[in-house]
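Asks:
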(Lines of atoms letter the chains of each structure in order from A and count residues from 1; the text may use other names and numbers.)
(Lines give C-alpha, C1' and ligand atoms only; values in the text may rest on other atoms or scores of the structure.)
Protein backbone atom coordinates (compact mmCIF):
# COMPACT_ATOMS: atom_id res chain seq x y z
CA UNK A 1 0.00 0.00 0.00
CA UNK A 2 1.32 3.45 -0.99
CA UNK A 3 2.25 5.76 1.90
CA UNK A 4 2.96 9.47 1.87
CA UNK A 5 4.31 11.83 4.52
CA UNK A 6 4.89 15.59 4.24
CA UNK A 7 6.78 17.68 6.76
CA UNK A 8 8.30 21.14 6.76
CA UNK A 9 11.60 22.09 8.34
CA UNK A 10 12.23 25.74 9.22
CA UNK A 11 15.69 27.28 9.39
CA UNK A 12 16.82 30.75 10.41
CA UNK A 13 20.49 31.00 9.50
CA UNK A 14 22.17 34.02 11.17
CA UNK A 15 24.72 34.49 8.37
CA UNK A 16 23.93 35.82 4.91
CA UNK A 17 25.43 32.65 3.34
CA UNK A 18 25.97 29.30 5.02
CA UNK A 19 25.38 25.57 4.66
CA UNK A 20 23.64 23.29 7.13
CA UNK A 21 23.72 19.48 7.09
CA UNK A 22 20.04 18.47 7.32
CA UNK A 23 20.57 14.74 6.76
CA UNK A 24 19.63 13.75 10.35
CA UNK A 25 16.36 15.73 10.09
CA UNK A 26 15.46 14.05 6.81
CA UNK A 27 16.42 10.59 8.10
CA UNK A 28 14.11 11.07 11.09
CA UNK A 29 11.20 12.00 8.80
CA UNK A 30 11.86 8.95 6.61
CA UNK A 31 11.89 6.68 9.68
CA UNK A 32 8.62 8.21 10.88
CA UNK A 33 6.99 7.69 7.50
CA UNK A 34 7.16 3.91 7.67
CA UNK A 35 8.18 3.82 3.99
CA UNK A 36 10.53 0.94 3.22
CA UNK A 37 10.87 1.38 -0.55
CA UNK A 38 10.26 4.74 -2.21
CA UNK A 39 11.52 8.25 -2.75
CA UNK A 40 12.21 11.29 -0.60
CA UNK A 41 11.97 14.77 -2.09
CA UNK A 42 13.64 17.62 -0.19
CA UNK A 43 13.26 21.12 -1.58
CA UNK A 44 13.84 24.69 -0.49
CA UNK A 45 10.63 26.72 -0.41
CA UNK A 46 12.44 30.05 -0.91
CA UNK A 47 14.07 31.39 -4.05
CA UNK A 48 17.19 32.49 -2.19
CA UNK A 49 17.90 29.09 -0.59
CA UNK A 50 18.97 25.72 -1.90
CA UNK A 51 19.01 22.02 -1.11
CA UNK A 52 21.86 19.95 -2.51
CA UNK A 53 23.84 16.75 -1.91
CA UNK A 54 27.58 16.69 -1.37
CA UNK A 55 30.33 15.85 1.11
CA UNK A 56 30.23 17.25 4.67
CA UNK A 57 33.78 18.59 4.54
CA UNK A 58 34.51 22.12 5.85
CA UNK A 59 37.15 22.89 3.23
CA UNK A 60 34.69 22.09 0.45
CA UNK A 61 32.05 24.33 2.04
CA UNK A 62 34.59 27.15 2.29
CA UNK A 63 35.45 26.62 -1.40
CA UNK A 64 31.76 26.68 -2.35
CA UNK A 65 31.25 29.99 -0.56
CA UNK A 66 34.27 31.57 -2.27
CA UNK A 67 33.29 30.18 -5.69
CA UNK A 68 29.69 31.36 -5.37
CA UNK A 69 30.80 34.80 -4.22
CA UNK A 70 33.16 35.00 -7.23
CA UNK A 71 30.29 34.02 -9.57
CA UNK A 72 27.70 36.37 -8.07
CA UNK A 73 29.22 38.79 -5.58
CA UNK A 74 27.00 40.44 -3.00
CA UNK A 75 26.35 44.02 -4.06
CA UNK A 76 23.25 45.72 -2.64
CA UNK A 77 23.52 48.66 -5.01
CA UNK A 78 21.24 48.80 -8.06
CA UNK A 79 24.19 49.43 -10.41
CA UNK A 80 25.35 45.79 -10.68
CA UNK A 81 22.01 43.96 -10.61
CA UNK A 82 18.75 45.13 -12.17
CA UNK A 83 16.80 43.10 -9.58
CA UNK A 84 18.09 45.42 -6.87
CA UNK A 85 16.41 48.34 -8.65
CA UNK A 86 13.12 47.02 -7.25
CA UNK A 87 14.24 47.90 -3.72
CA UNK A 88 15.66 44.45 -3.02
CA UNK A 89 19.32 43.81 -2.20
CA UNK A 90 19.52 40.06 -2.85
CA UNK A 91 19.98 39.54 -6.59
CA UNK A 92 23.18 37.63 -5.88
CA UNK A 93 21.27 35.20 -3.63
CA UNK A 94 18.86 34.33 -6.46
CA UNK A 95 21.79 33.54 -8.75
CA UNK A 96 23.58 31.45 -6.14
CA UNK A 97 20.41 29.41 -5.60
CA UNK A 98 20.11 28.84 -9.35
CA UNK A 99 23.61 27.37 -9.44
CA UNK A 100 23.21 25.18 -6.32
CA UNK A 101 19.74 23.92 -7.15
CA UNK A 102 16.26 23.81 -5.68
CA UNK A 103 15.81 20.21 -4.57
CA UNK A 104 17.11 16.68 -4.28
CA UNK A 105 15.41 13.30 -4.59
CA UNK A 106 16.90 10.36 -2.71
CA UNK A 107 15.86 6.73 -3.03
CA UNK A 108 14.64 4.93 0.08
CA UNK A 109 15.78 1.32 0.31
CA UNK A 110 15.00 -0.92 3.27
CA UNK A 111 13.62 2.10 5.15
CA UNK A 112 16.77 4.24 4.81
CA UNK A 113 18.06 6.96 2.52
CA UNK A 114 20.12 5.19 -0.13
CA UNK A 115 23.24 7.37 -0.42
CA UNK A 116 26.52 6.91 -2.20
CA UNK A 117 29.77 7.24 -0.25
CA UNK A 118 30.10 10.54 1.62
CA UNK A 119 26.75 11.89 0.38
CA UNK A 120 24.79 14.13 2.75
CA UNK A 121 21.87 16.54 2.27
CA UNK A 122 22.51 20.25 2.83
CA UNK A 123 20.41 23.35 3.15
CA UNK A 124 22.16 26.26 1.45
CA UNK A 125 21.30 29.77 2.58
CA UNK A 126 22.19 32.77 0.41
CA UNK A 127 20.11 35.57 1.98
CA UNK A 128 19.91 34.61 5.65
CA UNK A 129 18.73 36.17 8.86
CA UNK A 130 15.07 35.17 8.47
CA UNK A 131 13.05 31.99 8.75
CA UNK A 132 12.74 29.85 5.62
CA UNK A 133 11.06 26.50 5.02
CA UNK A 134 12.18 23.24 3.44
CA UNK A 135 9.63 20.67 2.25
CA UNK A 136 10.31 16.98 2.89
CA UNK A 137 7.94 14.59 1.08
CA UNK A 138 8.29 10.83 1.44
CA UNK A 139 6.39 8.55 -0.95
CA UNK A 140 6.51 4.78 -1.21
CA UNK A 141 5.51 1.46 0.25
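Residue numbers (the numbering used here): 276 to 416. Beta carbons: idealized from backbone N, C-alpha and C, even for Gly.
For residue 396, tell me which candidate among 328, 287, 324, 302 has the shortest Cα-Cα distance.
Replies: Comparing Cα positions, the closest option is 328.
Asks: Which same chain residues end up closer than 8 angstroms to residue 346 when comparing Cβ atoms and leaving out the 5 residues on each side of it in sequence?
Replies: If we look at residue 346 and ignore the five residues flanking it on each side, its Cβ neighbours are 370, 371, 374.
Asks: By DSSP's criteria, residue 395 is part of a beta bridge. Which residues make up the other side?
Replies: Per DSSP, 329.
Asks: Residue 320: which of 286, 364, 363 sits nearest, CA to CA?
Replies: Comparing Cα-Cα distances from residue 320 to each of 286, 364, 363, the minimum goes to 286.
Asks: So, is the C-beta of residue 406 closer than 8 angstroms to a C-beta in chain C?
Replies: Of the chains in the structure shown, none is chain C; there is only one protein chain.
Asks: Give me the residue from 414, 280, 292 with the minimum Cα distance to residue 399.
Replies: Comparing Cα-Cα distances from residue 399 to each of 414, 280, 292, the minimum goes to 292.
Asks: So, are the CB atoms of residue 367 and residue 350 less than 8 angstroms apart?
Replies: In this structure, residue 350 lies closer than 8 angstroms to residue 367 by Cβ.
Asks: In the structure shown, what three-state DSSP assignment does residue 355 receive?
Replies: Coil, per DSSP.
Asks: If you drop the 5 nearest sequence neighbours on each side, which residues of the same chain put their C-beta closer than 6 angstroms to that of residue 331?
Replies: Counting only Cβ-Cβ distances below 6 angstroms, and skipping sequence neighbours, we find 296, 395.
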